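Pasting the structure below:
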């Protein structure tokens, strides 16, 4: 007493195959072979295309890696160099002379903790240029700002602090 433990799909496939004539079986084998070759060819084509795309990207990636290594070295050099302390009197003098770039309607006020507060009306582009310039030249960083209004001149309330000072 032998029990057939083959799955149902395998039995159905065997019945299907046995019902075919030898000529039909040959055509089905040929079709399966062609299909297998087409799938393998498509897979190989995609692999080759991906390989070529990656080879085209290698010089760009190598240049980016070199650039990142240079940036990392520069960053480590900057981190190792301590910042010179900010001279508060010189900073106030420079800010006062540059304040004219923002126009006559803006005023600067220095807080006791060294924070600079600007209040008044100025053109947005002039204020952005001024903020970028004092940040680059004097290491004065924008801490907070509130801009309201519309049109050519806007109401600006901005707070700055010298780089390296505690918030």
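Residue numbers (the working numbering): -13 to 153.
Ideal placement from N, C-alpha and C gives every residue a C-beta, glycine not left out.
Predicted, not measured: the structure shown is a model, and the values here were computed from it.
Taking residue i as part of the alpha helix (DSSP H), name the residues at either end of that continuous run.
i           : result
residue 122 : 110 to 124
If you reduce the DSSP assignment to three classes, tell me which class residue i lands in.
i           : result
residue 138 : coil
residue 153 : Low per-residue confidence applies at residue 153: pLDDT is 48, beneath 50, and the placement is therefore not dependable enough to give any value.
residue 89  : coil
residue 132 : strand
residue 147 : strand
residue 84  : helix
residue 127 : strand
residue 210 : Within the shown structure, residues of the chain are numbered from -13 to 153, placing residue 210 beyond reach of any answer.
residue -8  : coil
Starting from residue i and walking both ways along the beta strand (DSSP E), at which residues does that stretch end?
i          : result
residue 93 : 92 to 96
What residues match up with residue i in a beta bridge as DSSP calls it?
i           : result
residue 106 : 92, 142
Sufficient close CB pairs (3 or more, under 8 Å) joining the segment 40 to 50 to the segment 121 to 130
no
Would the segment 105 to 117 and the segment 130 to 142 be scored as touching if the rule is three or more Cβ pairs under 8 Å?
yes
Pair every Cβ in the segment 54 to 61 with every Cβ in the segment 79 to 91, then say whether three or more of these pairs are closer than 8 Å.
no
Taking only runs of the alpha helix (DSSP H) that begin and end inside the segment -6 to 75, which ones reach a length of at least 4 residues, in chain order?
-6 to 4, 8 to 66
Should the segment 99 to 111 be called in touch with the segment 135 to 142, which here means at least 3 C-beta pairs below 8 Å?
yes
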